[in-house]
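Contents: one structure, followed by commentary.
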Amino acid sequence: MRLGVMGGTFDPIHHGHLVAASEAAHLLDLDEVVFVPTGQPYRKDVTSVTPAEHRYLMTVIATASNPSFTVSRVDIDREGPTYTRDTLVDLHAQRPDDKLFFITGADALAQILSWHGVDQLWELAHFVGVTRPGHELTDAGLPEDKVTLLEVPAMAISSTDCRERTATGEPVWYLVPDGVVQYIGKYHLYREDPS
Ligand SMILES: Nc1ncnc2c1ncn2[C@@H]1O[C@H](COP(=O)(O)OP(=O)(O)OP(=O)(O)O)[C@@H](O)[C@H]1O
Ligand SMILES: O=C(O)c1ccc[n+]([C@@H]2O[C@H](COP(=O)([O-])O)[C@@H](O)[C@H]2O)c1
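Residue numbers (full-length UniProt numbering): 1 to 195.
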């Protein structure tokens, strides 16, 4: 099976993530895309990241209607900082016959050479970089046969913007799936005063 892997903090998951995964699946003939919410995204301010179970459940809600999308707990169930090398090792152990395609936006791809154990990454998966508004998509310095660049419909959406909009009372309708809007409201996420 050709398995796409969409890693992210998903705080919250938004339509930029979903379109990136859907387009990569279509263009690369992937059988399934597994979304993998991070446990401890060590490059972000972990004290301000929403608890993993909320991010996991929003990811489940957002992907539930697509039969080709699934969600994995491998990163949130592992102790310590989340490294993609570990994500890929764990997924490979669970699904040894699958070929893995790790999907990243242009911003994440630009950082990849600084990722933990980068030299091992290229043997564990093929990497797919997708366009993201405001970021240059380039594979400069990356191994040629291990990376594919894809142009996807431009979605100028970020989780940071969704959080800021919620905090200031602006809507996030149509930036995130309807069920995620309702989940954010139900649990008072991203409010200055969660009560
Ligand atoms: N609008 C988008 N278009 C394409 N790729 C995206 C988009 N938003 C996020 N991605 C990619 O999805 C992956 C997970 O991103 P992440 O969960 O950090 O979202 P984010 O919107 O960048 O969050 P934040 O604003 O909190 O940094 C990364 O590879 C990122 O590049
Ligand atoms: O392995 C690393 O060192 C590494 C460093 C930064 C980010 N990542 C992964 O890149 C994906 C997007 O991360 P983020 O922080 O932009 O949500 C997610 O799966 C992270 O685990 C991985």
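Ideal Cβ placement from N, Cα and C applies to all residues, glycine included.
Just tell me which of the options has its CA closest to the CA of residue i.
i: residue 94; options: 103, 107, 72, 117; result: 72
i: residue 169; options: 158, 64, 181; result: 181
i: residue 166; options: 156, 155, 151, 186; result: 186
i: residue 8; options: 135, 108, 141; result: 108
i: residue 18; options: 2, 53, 60; result: 60
i: residue 228; options: 192, 159, 184; result: For the chain, the structure presents residues 1 to 195; residue 228 sits outside this window and is missing.
i: residue 145; options: 13, 153, 128, 157; result: 128
i: residue 132; options: 104, 116, 139; result: 104
Could you check if residue i is buried or exposed, using at least 16 other CB atoms within 10 Å of its CB as the buried criterion?
i: residue 42; result: exposed
i: residue 177; result: buried
i: residue 58; result: buried
i: residue 125; result: buried
i: residue 97; result: exposed
i: residue 134; result: exposed
i: residue 52; result: buried
i: residue 113; result: exposed
Does the beta-carbon distance from residue i to residue j come in below 8 Å?
i: residue 82; j: residue 40; result: yes
i: residue 46; j: residue 6; result: no
i: residue 20; j: residue 172; result: no
i: residue 24; j: residue 150; result: yes
i: residue 137; j: residue 15; result: no
i: residue 70; j: residue 34; result: yes
i: residue 3; j: residue 30; result: yes
Which same chain residues, not among the five before or five after residue i, have their C-beta less than 6 Å away from its C-beta?
i: residue 143; result: 122
i: residue 75; result: 36, 38, 39, 82, 87
i: residue 90; result: 74
Can you list every residue whose CB sits closer than 6 Å to some heavy atom of ligand 1, going in chain order? Working through the chain, the matches are 8, 9, 10, 11, 16, 17, 20, 104, 105, 107, 108, 130, 132, 155, 157, 158, 159, 160.
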